[in-house]
Amino acid sequence: MKNTITLQKLKTIKTQLEEIALFWRDKNLFDGVLLDVVFSKIIPKSDWIQKILSLSSSSDEIRGIRYSSPLASGTHIFTFFLTFKQIEDAIKNLGSAISIVEFYFGEKVRGVDVCPQKPKLQQNPTEEENEEYQQELKTYELHLNKLKQVDWKKHGLSKSALIRILIDSQYVDRMTVTPGSQFTSSTGIISLYNTNLSNKELFTKLGIESNDWDWLDEHTVLLSPHELQKLKKSLPNIICMGCEDEITLSDETEYVPPPASKDSNFVVEDPTDEAIIGVLDTGFDTSCYFSRWVTYENKISSVLDENITEHNRGAFSHGTFITSILHDGPRFNPDLEDGCGKFRVKHFAVATGKNDSLFTITSKIIEAVKSNPQIKVWNLSLGADEACSPDSISFLASVLDKLQSQYNVLFIVPGTNQTESSDHKFIGSPADSVNAICVNSVRFNKLPATYSRKGRTEHGSQKPDLSYFGGDSGEEIYAYFKGIRKIKGTSFAAPWIARKAAFLIHYLFFTPQMAKAFLLDSAVQWNLDLPKRKYLGYGVVPKRIEDVLSIKDDEIKICINVGASKHNNYMIRLPVPSDNDIYPYVAKAVLCYFPNTERRNGVDYTCTEVDVKIGRTYDEKSWSSAPKLKTINFDTQGEGPLPENSEKNSRKFFQKWNNSKVILERFSPRTKGKKTIGDLGWGINFVKIGRTSNTDSSIQAALLLTLKELKGRNRTDKFYLDVQKEHLLVKKIDIESQINLIHTLDQHISLS
Numbered sequence: 009m010k011n012t013i014t015l016q017k018l019k020t021i022k023t024q025l026e027e028i029a030l031f032w033r034d035k036n037l038f039d040g041v042l043l044d045v046v047f048s049k050i051i052p053k054s055d056w057i058q059k060i061l062s063l064s065s066s067s068d069e070i071r072g073i074r075y076s077s078p079l080a081s082g083t084h085i086f087t088f089f090l091t092f093k094q095i096e097d098a099i100k101n102l103g104s105a106i107s108i109v110e111f112y113f114g115e116k117v118r119g120v121d122v123c124p125q126k127p128k129l130q131q132n133p134t135e136e137e138n139e140e141y142q143q144e145l146k147t148y149e150l151h152l153n154k155l156k157q158v159d160w161k162k163h164g165l166s167k168s169a170l171i172r173i174l175i176d177s178q179y180v181d182r183m184t185v186t187p188g189s190q191f192t193s194s195t196g197i198i199s200l201y202n203t204n205l206s207n208k209e210l211f212t213k214l215g216i217e218s219n220d221w222d223w224l225d226e227h228t229v230l231l232s233p234h235e236l237q238k239l240k241k242s243l244p245n246i247i248c249m250g251c252e253d254e255i256t257l258s259d260e261t262e263y264v265p266p267p268a269s270k271d272s273n274f275v276v277e278d279p280t281d282e283a284i285i286g287v288l289d290t291g292f293d294t295s296c297y298f299s300r301w302v303t304y305e306n307k308i309s310s311v312l313d314e315n316i317t318e319h320n321r322g323a324f325s326h327g328t329f330i331t332s333i334l335h336d337g338p339r340f341n342p343d344l345e346d347g348c349g350k351f352r353v354k355h356f357a358v359a360t361g362k363n364d365s366l367f368t369i370t371s372k373i374i375e376a377v378k379s380n381p382q383i384k385v386w387n388l389s390l391g392a393d394e395a396c397s398p399d400s401i402s403f404l405a406s407v408l409d410k411l412q413s414q415y416n417v418l419f420i421v422p423g424t425n426q427t428e429s430s431d432h433k434f435i436g437s438p439a440d441s442v443n444a445i446c447v448n449s450v451r452f453n454k455l456p457a458t459y460s461r462k463g464r465t466e467h468g469s470q471k472p473d474l475s476y477f478g479g480d481s482g483e484e485i486y487a488y489f490k491g492i493r494k495i496k497g498t499s500f501a502a503p504w505i506a507r508k509a510a511f512l513i514h515y516l517f518f519t520p521q522m523a524k525a526f527l528l529d530s531a532v533q534w535n536l537d538l539p540k541r542k543y544l545g546y547g548v549v550p551k552r553i554e555d556v557l558s559i560k561d562d563e564i565k566i567c568i569n570v571g572a573s574k575h576n577n578y579m580i581r582l583p584v585p586s587d588n589d590i591y592p593y594v595a596k597a598v599l600c601y602f603p604n605t606e607r608r609n610g611v612d613y614t615c616t617e618v619d620v621k622i623g624r625t626y627d628e629k630s631w632s633s634a635p636k637l638k639t640i641n642f643d644t645q646g647e648g649p650l651p652e653n654s655e656k657n658s659r660k661f662f663q664k665w666n667n668s669k670v671i672l673e674r675f676s677p678r679t680k681g682k683k684t685i686g687d688l689g690w691g692i693n694f695v696k697i698g699r700t701s702n703t704d705s706s707i708q709a710a711l712l713l714t715l716k717e718l719k720g721r722n723r724t725d726k727f728y729l730d731v732q733k734e735h736l737l738v739k740k741i742d743i744e745s746q747i748n749l750i751h752t753l754d755q756h757i758s759l760s
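Each residue of the sequence shown is one higher than the one before, starting from 9 at the first, in my numbering.
Structure (structure tokens):
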């Protein structure tokens with residue numbers, strides 16, 4: 009226990025708990041209470057409270073986590089649901105703790121009072137050191153004797169329980185009744201706290217009507233203005249968060265008159281077994297020349313079943329533009345030839361572009377993904393005009409994250425656009441999806457497009473991820489709808505990344521995590537300009553797929569797939585070639601995985617953390633019998649209670665809870681290699697930890713590690729031979745042959 013705890017603080021907490029219990033007993037709706045604990049700092053899992061609230065060891069009582077101010081001032085607020093028995097036990101235990109502290113310790117208690125540490129005398133002490141030891145020993149015995157005087161049985165509390173209550177209380181600022189979300193809209197999608205009572209049953213008690221089809225899941229419901237107002241009036245405390253159902257889509261399409269060429273001028277062969285990309289967008293023009301390559305399903309509106317006219321063309325143009333790029337975007341943009349060939353597209357119309365329902369869009373997206381498990385890459389080029397909250401994930405993004413984790417698919421989403429009618433400078437939903445690849449747009453000089461928004465998230469993930477060419481004023485790109493047209497926007501940058509992701513997954517048989525890692529890696533420059541990340545993400549992806557996959561002569565590139573399931577700690581040894589006891593390399597690593605998530609946890613959104621440590625190994629005779637690592641980024645998390653290992657620093661410097669991590673060593677012509685430490689080589693250590701019982705039991709992670717030789721020498725063959733000698737299972741990927749095969753099979757559209 010680091011801090012001194014006052015008697016008054018314990019009494020205040022007890023009084024607050026009594027008031028909370030009284031409030032909920034008067035409601036008489038369910039067996040328990042919702043309460044907020046406001047902490048004095050950002051709390052790591054090791055400092056989560058437990059005994060003071062009689063919580064279970066799995067912390068299943070946690071219902072939400074947020075920051076104490078919109079921009080994260082540096083303190084946590086946890087929402088808990090306790091049964092009445094738990095809060096009664098908590099009040100009773102606090103009463104016992106108060107009586108012990110008041111009777112035996114007075115107005116305050118220190119760590120040394122309840123956990124005295126016996127001093128140690130050094131060998132061959134000086135006279136002064138011996139005197140100091142005797143004084144410390146005397147103080148220790150005084151504390152020990154005082155503890156022996158405590159009648160633990162009489163007070164109904166053990167010594168360990170008292171210590172735990174005192175430790176819990178040191179970072180608690182106050183406890184209050186959960187106020188509920190200050191959601192101000194008259195209608196919307198409401199997420200409810202879990203009170204261990206069916207929310208439908210709770211609604212019946214409150215006299216609130218809802219239909220089965222209004223529930224997206226057991227805690228998420230679409231309410232009419234009347235029913236929402238009734239809920240706000242009767243029990244606003246159970247509203248975890250809410251969002252407006254009507255979504256205004258960010259649209260940047262710039263129409264130009266169709267060119268002279270008509271559909272009859274295009275000749276396109278029939279599709280065979282090309283890979284399929286899923287599209288979730290507005291409608292599709294089934295009369296276009298490449299419609300045989302598209303399977304179209306209208307999921308929402310009779311408007312999309314009508315013939316296309318000037319009146320309703322907006323409900324079809326955006327979706328058709330997107331699908332034309334996914335099918336064969338280089339046909340209209342030869343400067344953006346990517347070498348990926350043509351794709352089949354399964355197009356689902358989930359929006360009209362005007363007055364759309366977020367609830368309907370979301371439910372149709374879920375339905376499409378569940379019923380099409382063969383589709384591994386989904387392009388969702390729809391984005392909200394309203395900026396994402398810094399304190400919680402957006403509703404649609406949270407749904408995408410769950411789908412990606414559950415079905416092992418990859419979504420590509422746009423970073424959304426700054427429009428003349430909007431003053432939102434930060435990205436809009438679903439660009440904050442942590443598992444998806446969020447794509448911003450750049451001009452051909454690789455600077456941010458004029459309409460780009462910047463990323464802002466506080467839940468462990470920085471967005472956008474990547475950037476690509478989406479056109480801009482004066483340098484638009486082209487897509488097809490009733491002819492070739494000029495377009496610009498992040499919506500049209502995203503499908504180019506979807507094409508590359510589909511190529512990697514379907515033709516090179518990469519996992520979605522591997523595909524994301526390769527795309528991130530291709531954009532990360534060795535001396536990344538971090539300030540530009542707010543607009544560009546990790547950088548601009550190369551145009552051609554060969555360049556995404558390229559390995560330079562002076563580089564060793566290793567991709568490792570790890571299934572973190574049974575073991576929370578997993579070490580891989582790498583026989584990295586040395587040169588005269590020097591490792592002449594700098595390293596770059598990209599780690600990607602798709603964790604379980606819980607939107608109601610707010611800023612602590614991801615449920616699982618996979619930490620990766622990379623570096624030279626040493627000290628194989630440590631107590632754990634495993635070698636330690638001298639990491640390339642000085643990551644010492646989990647290696648002792650050092651100041652630099654605070655939760656705040658771990659999140660800031662080591663990307664803790666970020667499921668897309670980039671570790672990068674900067675270098676210059678003067679950079680020197682690293683000295684070897686024994687003959688243990690390099691190591692990679694994966695450590696999986698979880699926040700709650702919702703932690704993934706099994707999670708797939710992909711690590712892409714690049715070692716750049718500082719002298720420009722090629723050491724790949726030596727590394728490959730050494731790996732085989734270590735009996736490690738390793739497979740070379742013949743990327744060039746596979747790409748050549750795809751190009752041979754692909755026949756491009758010809759213009760007669």
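Think of the CB as a built atom: it goes at the ideal place given N, C-alpha and C, for glycine as much as any other residue. As the structure is a prediction and not an experimental result, all values here were calculated from the model.
Kindly indicate the opening and closing residues of the beta strand (DSSP E) around residue i.
| i | result |
| --- | --- |
| GLN708 | 707–717 |
| ALA439 | Taken as a continuous stretch (DSSP letters only), ALA439 belongs to no beta strand (DSSP E), as it is neither H nor E. |
| LYS146 | Taken as a continuous stretch (DSSP letters only), LYS146 belongs to no beta strand (DSSP E), being part of the alpha helix (DSSP H) at 135–157. |
| TYR75 | 70–75 |
So, is residue i buried or exposed, given that buried needs 16 or more other C-beta atoms within 10 angstroms?
| i | result |
| --- | --- |
| LYS146 | exposed |
| VAL377 | buried |
| GLU209 | exposed |
| ILE559 | exposed |
| ASP589 | exposed |
| THR134 | exposed |
| HIS335 | buried |
| GLN426 | buried |
| GLY215 | exposed |
| VAL120 | exposed |
| GLU69 | buried |
| VAL275 | exposed |
| SER206 | exposed |
| GLN125 | exposed |
| GLN732 | exposed |
| PRO456 | buried |
Candidates the options: which alpha carbon is nearest residue i's?
| i | options | result |
| --- | --- | --- |
| LYS454 | SER475, GLN470, ALA444 | SER475 |
| VAL761 | VAL532, ALA395, LEU18 | Any question about residue 761 goes unanswered here, given that the chain covers just 9 to 760. |
| ILE622 | CYS446, GLN470, ILE580, GLY436 | ILE580 |
| ILE308 | MET249, PHE298, THR370, PRO279 | THR370 |
| ASN380 | HIS355, SER397, ARG71 | HIS355 |
| LEU711 | ARG721, TYR601, TRP386 | TYR601 |
| ALA525 | GLY610, SER668, PHE434 | SER668 |
| ASN202 | ARG541, THR87, ARG339, GLY689 | THR87 |
| VAL670 | LYS384, GLN708, GLY545 | GLY545 |
| GLU185 | PHE403, ASN245, TRP690, LEU231 | The residue you asked about is not Glu; residue 185 is Val in the sequence shown. Among PHE403, ASN245, TRP690, LEU231, the Cα nearest to that of VAL185 is on ASN245. |
| GLU761 | VAL570, ILE640, VAL695, PRO422 | The structure shown has nothing for residue 761, since the chain only spans 9 to 760. |
| ASN363 | GLU375, THR256, THR290 | THR256 |
Would you mind reading off the limits of the alpha helix (DSSP H) that contains residue i?
| i | result |
| --- | --- |
| LYS726 | 724–733 |
| THR368 | 366–378 |
| THR328 | 322–336 |
| SER413 | 403–415 |
| SER177 | 167–177 |
Kindly identify the DSSP beta-bridge partner or partners of residue i.
| i | result |
| --- | --- |
| LEU90 | VAL41 |
| PRO422 | VAL447 |
| HIS355 | VAL287, TYR304 |
| ASP619 | VAL695 |
| LEU637 | THR625 |
| LYS682 | TYR591 |
| ALA392 | LEU257 |
Which parts of the segment 444–501 are runs of the beta strand (DSSP E), unbroken and 3 residues or longer, counting only runs that do not cross its ends? If only complete runs of 3 or more residues are kept, the segment 444–501 shows the beta strand (DSSP E) at 445–450, 474–477, 485–488, 492–495, in order along the chain.
Entirely within the segment 179–246 and at least 4 residues each: give me those alpha helix (DSSP H) ranges in chain order. Within the segment 179–246, the complete alpha helix (DSSP H) segments at least 4 residues long are 207–214, 233–242, listed from N- to C-terminus.
Sequence ranges, alpha helix (DSSP H) only - wholly within the segment 549–616, length at least 4: Given a length threshold of 4 residues, each whole run of the alpha helix (DSSP H) inside the segment 549–616 is given here in chain order: 553–557.
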